[in-house]
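Counting with my numbering, you get residues 552 to 689 for the letters of the sequence shown.
Working notes for the structure below.
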Amino acid sequence: MTQDFSKKIKEVSMNTRKLVVGFISLFFILLNTSNALADKSTVKIEAPDEVVKGSEVVIKVHVSHSANNFFHHTEWLSIKANGKEIGSWEYSMTDLPEGARFTKEIKVTVNEDLVIEAKASCNLHGSAGVDRKKISVK
Numbered sequence: 552m553t554q555d556f557s558k559k560i561k562e563v564s565m566n567t568r569k570l571v572v573g574f575i576s577l578f579f580i581l582l583n584t585s586n587a588l589a590d591k592s593t594v595k596i597e598a599p600d601e602v603v604k605g606s607e608v609v610i611k612v613h614v615s616h617s618a619n620n621f622f623h624h625t626e627w628l629s630i631k632a633n634g635k636e637i638g639s640w641e642y643s644m645t646d647l648p649e650g651a652r653f654t655k656e657i658k659v660t661v662n663e664d665l666v667i668e669a670k671a672s673c674n675l676h677g678s679a680g681v682d683r684k685k686i687s688v689k
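Okay, structure coming up:
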């Protein structure tokens, strides 16, 4: 009888161990896929394709994210022209963006071809990447 009891304890212990290892494995799998499934801050640049030299243009950057609360929000937005920063905004849990989707405008005088780049980042999941727009001078 003692041997049967000892054998059953080993079986239960082995099954418990397998179950724990399974849950730990599942946890790490889900942990690694969360960034792929997460909503990252995205940007879309709105600007003319071509302008007359010396023109002042308005560049609009549309930012999109799933949330806008103290815990989960767009943390920053940066706009560059030919690699030089021309605008940036930083947000925090006490200074949130206007909404989960918002637009920022910046005016630029165009004297040469410009490559505009914009990027925003979520405080939890990061950025979906850079959006680029070329403005050519006639």
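Even for Gly, the Cβ is constructed at its ideal location relative to N, Cα and C.
On the DSSP bridge list, what partners appear for residue i?
i: F653; result: V614
i: A669; result: I630, D682
i: T593; result: S615
i: G638; result: I630
i: G677; result: C673
i: K658; result: V609
Kindly give me the distance between the Cβ atoms of residue i and residue j, rounded to whole angstroms, as I take these residues to be in contact under 8 angstroms.
i: T625; j: P648; result: 5 angstroms
i: E601; j: K689; result: 6 angstroms
i: S617; j: D646; result: Rounded, the Cβ-Cβ distance is 19 angstroms, inconsistent with contact.
i: A671; j: V594; result: 5 angstroms
i: I686; j: I657; result: The pair is not a contact, with the Cβ atoms about 13 angstroms apart (cut-off 8 angstroms).
Under 8 angstroms, do residue i and residue j count as touching if we go by C-beta distance?
i: V661; j: V608; result: yes
i: N516; j: V666; result: Past the boundaries of the shown model lies residue 516; the chain is included only from 552 to 689, so the question cannot be answered.
i: R652; j: S615; result: yes
Where does residue i sit, in a helix, a strand or coil, going by DSSP?
i: T645; result: coil
i: D600; result: coil
i: K558; result: helix
i: E663; result: coil
Whose C-alpha, out of the options, is nearest the C-alpha of residue i?
i: L628; options: T645, K689, I596; result: I596
i: D682; options: A669, K631, I637; result: A669
i: M644; options: L675, D555, Q554, G680; result: L675
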